[in-house]
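Participant: Okay, here's the structure, questions in a sec.
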Amino acid sequence: MFQLEEFTVSKCTHFQMLPRFLYYQKELRSLDLSKNQFRGKLPIWLLENNTQLEEFRLSGNDFIGSFNLPSHAQPNIKSVKGHIPSGAWDMKHLQALDLSHNQFSGELPTEPAIPPLLARLHLDTNKLIGEIPKSLFSISLVSLDISQDSLSGMIPLWMGEMSRLSVLTMSHNQLQGLIPMELCNLSILQFLNLSHNQFSGWFPFCFNHLGSLEHLFLNMNLLGGNLTHVLLDNSNLLTLDLSNNKFIGSIPQWIGDLSTLNILFLKRNQFEGEIPNHQCHLQILRMTDLSHNKLTGSIPRCLASSNSQQRGRWRNPPGHQVRM
3 MFQLEEFTVS KCTHFQMLPR FLYYQKELRS LDLSKNQFRG KLPIWLLENN TQLEEFRLSG
63 NDFIGSFNLP SHAQPNIKSV KGHIPSGAWD MKHLQALDLS HNQFSGELPT EPAIPPLLAR
123 LHLDTNKLIG EIPKSLFSIS LVSLDISQDS LSGMIPLWMG EMSRLSVLTM SHNQLQGLIP
183 MELCNLSILQ FLNLSHNQFS GWFPFCFNHL GSLEHLFLNM NLLGGNLTHV LLDNSNLLTL
243 DLSNNKFIGS IPQWIGDLST LNILFLKRNQ FEGEIPNHQC HLQILRMTDL SHNKLTGSIP
303 RCLASSNSQQ RGRWRNPPGH QVRM
């Protein structure tokens, strides 16, 4: 039997079942069966037979049921329904697991713990519910994405012990409570997205210690208070989105010291006073939105005359005028 390394049969909706010859393929590295409207159980033998598979696309089908993944797999599986099986956590040598953009439902497995060597775990864009279980704890994790689900409860304190995390994304859930100070122990964290949740309380002042942080998204929460003494030592910050919260007081002066900042969104808060001239120090700022606050006075000339690559919005509620 001939052996293929790559096979693509996408958008061929006249297929009713998988081509039989695929059962005899052992050396596939890329397999795309997306958008064919295949039905029935997920063909796990595709993973079992092809130990070198690097890319596996099944989106746009209607596979159903739970499944057990083989121990060699580093799967990136699309369009699967059902519960995430506890067997997914049994692959001791697994280093990357991407089950995102499926229709997994129910709670995450509470045991056993995720594989000890797992560095990347992406469970985003499913229908997962419940609290974040301790089974997700691993000191090996570098990237964790559990966004765009329906997870609830509070951020567990043990997340602050995952010292190798550089990417943590938990946006678009129903998480609530305070953002725990323990997250400030993630000293090499570069990307943090907690947006579109129900977090409340003050901005964690200890975020000053996250010196490696490049992208911070806390927008669409219930955070409040003054920002006078936060993010004073975050010189690597590229993106800062604090919009749609309840922050008060003036726009802090320290924002002008974030020399690497590209994107600044502070819209829909309760900031008041004038836009500080310190923002003129942001030489590479490309996008800023300060609209729907209580700002007054004039826009600093350096911002009003920004070049065509920069975009800004300054709109405020009636009675609070910002002049060009």
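Mapping of the sequence shown onto this note's numbering: residues 3 to 326, in sequence order. Heads up, the beta-carbon is just placed ideally off N, CA and C, and yes, glycines get one too.
1) Quick check on residue 224: buried or exposed, where buried means 16 or more other Cβ atoms within 10 Å of its Cβ?
2) Hey, residue 145 and residue 115 are a contact pair by Cβ (cut 8 Å); roughly how many whole angstroms apart?
3) Helix or strand or just coil, what does DSSP make of residue 157?
4) Taking C-alpha atoms, which residue in 279, 229, 189 lies nearest to residue 272?
5) Tell me the rounded alpha-carbon separation between residue 239 and residue 264.
6) Considering just the uninterrupted stretch of the alpha helix (DSSP H) at residue 29, what are its terminal residues?
7) Can you tell me whether DSSP reads residue 137 as helix, strand or coil?
8) Among the candidates 295, 220, 142, whose CA atom is the shortest distance from the CA of residue 253?
9) By Cβ distance, which residues of its chain are closer than 8 Å to residue 190, with the 5 residues on each side in sequence left out?
10) Identify which residue in 134, 284, 292, 139 has its Cα closest to the Cα of residue 246.
11) How about residue 184 and residue 155: do their beta carbons lie closer than 8 Å?
12) Please report how far the alpha carbon of residue 200 lies from the alpha carbon of residue 86, in whole angstroms.
13) Are residue 6 and residue 35 close, meaning C-beta to C-beta below 8 Å?
14) Give me the residue from 103, 130, 95, 122 with the minimum Cα distance to residue 109.
15) With a CB to CB cut of under 7 Å and the five nearest residues on each side skipped, what residues in its chain are close to residue 97?
16) Roughly how many angstroms lie between the CA atoms of residue 326 and residue 211, to the nearest whole one?
17) For residue 180, count neighbouring C-beta atoms within 10 Å of its own C-beta (all shown protein chains included) and say buried if the count is 16 or more, exposed if not.
18) Thinking C-beta only, is residue 182 closer than 8 Å to residue 159?
19) Excluding sequence positions up to five away, which residues of its chain have a Cβ less than 6 Å from the Cβ of residue 221?
20) Can you tell me which of 23, 288, 32 puts its alpha carbon nearest to the alpha carbon of residue 261?
21) Could you tell me which uninterrupted beta strand (DSSP E) segments, each at least 3 residues in length, are contained entirely in the segment 275-300, listed from first to last along the chain?
22) What did DSSP end up calling residue 250 once you bin it into helix, strand or coil?
23) Leaving out five residues before and five after residue 204 in sequence, what residues of the same chain have Cβ atoms less than 6 Å from its Cβ?
24) By how many angstroms is the C-alpha of residue 175 removed from the C-alpha of residue 324?
25) With a threshold of 16 other CB atoms inside 10 Å of the CB of residue 149, please say whether the residue is buried or exposed.
26) Within a Cβ cutoff of 8 Å, which residues of the same chain sit near residue 202, ignoring the five residues on either side of it in sequence?
27) How many angstroms separate the CA atom of residue 248 from the CA atom of residue 275?
28) So is residue 157 buried or exposed if we call it buried at 16+ other beta carbons inside 10 Å?
29) Is residue 109 helix, strand or coil when you go by DSSP?
30) Between the Cα of residue 95 and those of 39, 106, 124, 142, spot the shortest distance and give me the residue it belongs to.
31) Note down the Cα distance separating residue 310 from residue 43, rounded to an integer number of angstroms.
32) Would you give the residue range spanned by the alpha helix (DSSP H) that residue 48 belongs to?
33) Mapping the DSSP letters down to three states, classify residue 235 as helix, strand or coil.
34) Assign residue 2 to one of two classes, buried (16 or more other C-beta atoms within 10 Å of its C-beta) or exposed (fewer than that).
35) Determine the contact status of residue 209 and residue 170, defining contact as a CB-CB distance below 8 Å.
Facilitator: From the atom records:
1) Taking every protein chain shown into account, the CB of residue 224 has fewer than 16 other CB atoms within 10 angstroms, so this residue is exposed.
2) For residue 145 against residue 115, the beta-carbon gap comes to about 17 Å, at or over 8 Å, which does not count as contact.
3) Coil.
4) Closest option to residue 272, Cα to Cα, is 229.
5) When only Cα atoms are considered, residue 239 and residue 264 end up about 8 Å apart.
6) Boundaries for residue 29: no alpha helix (DSSP H) harbours it, and the DSSP string shows neither H nor E there.
7) Helix.
8) Here the closest residue by C-alpha is 295.
9) Cβ-Cβ distances below 8 Å link residue 190 to 165, 166, 167, 168, 214 in the same chain, with the five nearest sequence neighbours on each side left out; the list follows chain order.
10) In terms of Cα proximity to residue 246, the closest of 134, 284, 292, 139 is 292.
11) Contact flag unset, no.
12) So the alpha carbons of these two residues sit roughly 26 Å apart.
13) Their beta carbons are not under 8 Å apart, which means residue 6 does not touch residue 35 by this criterion.
14) Put simply, of 103, 130, 95, 122 the residue whose alpha carbon is nearest the alpha carbon of residue 109 is 130.
15) 76, 119, 120, 121, listed in sequence order.
16) Note that residue 326 has pLDDT 35, beneath the 50 cutoff, so the model's placement of it is unreliable and no number is given.
17) Residue 180 should be labelled exposed.
18) Yes, these two residues count as a Cβ contact at 8 Å.
19) Counting only Cβ-Cβ distances below 6 Å, and skipping sequence neighbours, we find 197, 243, 245, 246.
20) Selected option, being the one with the closest Cα: 288.
21) If one requires a minimum length of 3 residues, the beta strand (DSSP E) runs lying completely within the segment 275-300 are 289-291, in chain order.
22) Here residue 250 sits in strand by DSSP.
23) The answer, listed in chain order, is 227.
24) With a pLDDT of 48 at residue 324, under the threshold of 50, the modelled position of this residue cannot be trusted; read the value that follows with caution. A direct Cα-to-Cα measurement between residue 324 and residue 175 gives close to 35 Å.
25) Looking at its Cβ environment, which holds 16 or more other Cβ atoms inside 10 Å, residue 149 is buried.
26) Answer for residue 202: 178, 179, 180, 223, 224, 225, 226, listed in chain order.
27) Whole-angstrom Cα-Cα distance: 16 Å.
28) By the 10 Å Cβ count, residue 157 comes out buried.
29) Residue 109 falls in the strand class under three-state DSSP.
30) Distance from the Cα of residue 95 is smallest, within the candidate group 39, 106, 124, 142, for 142.
31) For residue 310, the predicted structure reports a pLDDT of 39, less than 50, and the residue's modelled location is therefore unreliable. A value from the coordinates is still provided. C-alpha of residue 310 to C-alpha of residue 43: approximately 53 Å in a straight line.
32) Boundaries of the alpha helix (DSSP H) harbouring residue 48: 47-51, taken from the DSSP string.
33) In this structure, DSSP gives residue 235 a state outside helix and strand, which the three-state scheme calls coil.
34) The chain is shown from 3 up to 326; residue 2 falls before or after that span and cannot be answered.
35) Contact flag unset, no.
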